[in-house]
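Heads up: the structure comes next, in structure tokens.
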Amino acid sequence: MSLDWLDRDVTTSTYLWRLERADGIALGFTSHDRDLVIDAFPYRAAPGMVPSSIALSDSLDIDNVEIAGVMNSEAIAETDLLAGRWDGALLYISLIDWEQPTVEPLPLICGEFGEIVRSRDGFTVEMVGATSFLDEPVAPLTSPTCRAEFGDRQCKLSLHRHQREGRITTISGDEVGLDALNGSAADFIFGSLRILGGPACGLSYAIIDGQDDVVRLADPLSPSVAPDTRILLTAGCNKNFATCRDRFANSINFRGEPYLPGNDLLTRYPGA
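Next up, the structure:
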């Protein structure tokens, strides 16, 4: 890779930002004052998007960086940030010579969005780099409840077998009536409700309670969601061994230690 363009007396370098949301939408921005097209992918001019200092090294330090910007683009709307559409989004930052857009760009950092902090009309994003997993414990801690997520590769259950499509019938605050429950709302506690149509398509909401044909969500639905909107329900699990064994017949994949003595063992005494 030739980087001769970085040694010029007059700089012609600019930042490229490529964002890939979890719902499959990819966006491109550049700190240049005009739009660019790199490898047939358009990058919209956004001079206000400037990253903090980025240090490149061959060490194994966690390469986190804070990204400050201004929400001056319709593609990055405050409503989308509040709705969680940018949570966990992937971001690639590189440097390129805007006079030679066909030259291979210099990759700077890549990772996913961490904490998003909003302040008036601006926002700051902590980006978690690829080496952030080194901060996790080497061995999992013991726990009486399951450490796996329902339907992941450790749980090994097929989510498709525990999903159900339907439509919204009523909306009352954080309580939503559905036509697909047939009185089985309790089966979807700790599960999720995903919107399949309308402006809020793709958003998911955690289910914390339910009874009959009504589920209660952890957060109210987006105001753009109306009755008769198509949804996808996914069952959940309370991570207890009895639920894993009796309801899902999946005790062989239970990732916990339900019979391991806890910290209260030292406080027990005869007759207690």
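Okay, so the sequence shown: first residue is -19 according to this note's numbering, each after it adds one.
Glycine included, each C-beta is placed from N, C-alpha and C at the ideal position.
- In this structure, DSSP gives T59 a helical state, which the three-state scheme calls helix.
- L173 and I151 do not touch by the CB rule: their CB atoms are close to 12 Å apart, not below 8 Å.
- Residues of the same chain with a CB within less than 8 Å of the CB of R225, apart from the 5 flanking positions on each side, are S231, F234 in chain order.
- The DSSP-derived three-state label of R196 is strand.
- If you keep only unbroken beta strand (DSSP E) runs of at least 3 residues inside the stretch 176 to 240, you get 184 to 191, 194 to 197, 210 to 214.
- Our two residues, I18 and I56, have alpha carbons roughly 21 Å apart in a direct line.
- In the DSSP assignment, D77 falls within the unbroken beta strand (DSSP E) covering 70 to 77.
- Per DSSP, C135 has no beta-bridge partner at all.
- In the three-state reduction of the DSSP assignment, A160 falls in the coil class, being assigned neither a helical nor a strand state.
- Rounded to whole angstroms, the separation of the alpha carbons of D3 and L88 is 25 Å.
- Distance from the CA atom of C90 to the CA atom of L183, rounded to whole angstroms, is 24 Å.
- With a beta-carbon spacing of about 12 Å, L213 and F170 fall beyond the 8 Å limit used to define contacts.
- Beta-carbon to beta-carbon, T10 and L(-4) are separated by about 6 Å, close enough to satisfy the 8 Å threshold.
- Measuring C-alpha to C-alpha distances from Q143 to each of Y23, I211, Y72, F221 identifies I211 as the nearest.
- Residue range 21 to 25 is occupied by the beta strand (DSSP E) that includes P22.
- Under the three-state reduction of DSSP output, F168 falls in the helix class.
- Remark: C-beta atoms of N220 and T122 do not approach each other more closely than 9 Å.
- Per the coordinates, the alpha-carbon of P85 lies some 22 Å from the alpha-carbon of I5.
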